[in-house]
Amino acid sequence: MKNHKMQIKNIRFLDDINCINDALSEYIDVVIENYEGYHYTLTVTTPKFFVAKIEDERMNFTEPGTITIFINLLTEAIITRAIEARVGYNGYSLKLYQSTDAIDPSIFKKLEAEGLEEWKSWKEDKE
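Next up, the structure:
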């Protein structure tokens with residue numbers, strides 16, 4: 013199957029990128045729209061902001077949530093390049109992440125069982 017790069021139609025910042033006070037220690041929420049009409053929301057943040065948030069909220073780990081991209085400096089050019097890199101071919105990581113709430117978790121147990129059976133069959137053939 014041939015891969016085609018997901019074409020981004022629009023990147024929209026949910027806050028004014030020009031109003032960021034400290035480009036080394038901030039975050040911004042972004043909506044990506046592709047030409048198929050799908051929208052994906054993600055957060056772009058700096059490591060410095062993320063560490064401060066963890067310390068302020070006294071968290072030992074992060075829980076699942078919005079897709080987060082880490083960059084060193086919040087500028088429109090860097091954010092755009094980071095998003096394009098994250099989208100990758102077919103936008104698979106975005107599509108999968110955005111649809112996880114709709115996936116029935118039991119499908120993973122079924123796939124795991126099928127994979128185990130295939131592995132056992134392969135192992136028996138090798139012996």
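Numbering (the numbering used here), first residue to last: 13 to 139. Virtual Cβ for every residue (Gly too), placed ideally from N, Cα, C. None of the values given here were measured: they were computed from a predicted structure.
Return the chain-ordered ranges of every alpha helix (DSSP H) run that is complete within the stretch 16-61 and spans a minimum of 4 residues.
-> Whole alpha helix (DSSP H) segments, 4+ residues: zero.
Extent of the continuous beta strand (DSSP E) to which E81 belongs | Rather than Glu, the amino acid found at residue 81 in this sequence is Ile. Looking at the DSSP string, the run of the beta strand (DSSP E) that includes I81 is 79-82.
What's the call for Y39, buried or exposed, on a 16-neighbour Cβ count within 10 Å?
-> Counting the other CB atoms within 10 Å of its CB gives Y39 a total of 16 or more, which places it among the buried residues.
Contacts around V43, its chain only, beta-carbon distance under 6 Å, and the 5 residues preceding and following it disregarded = So the qualifying residues of the chain are R24, H51, T53.
Can you give me the start and stop residues for the alpha helix (DSSP H) that L108 sits inside?
-> According to the DSSP assignment, L108 belongs to the alpha helix (DSSP H) that extends over 104-111.
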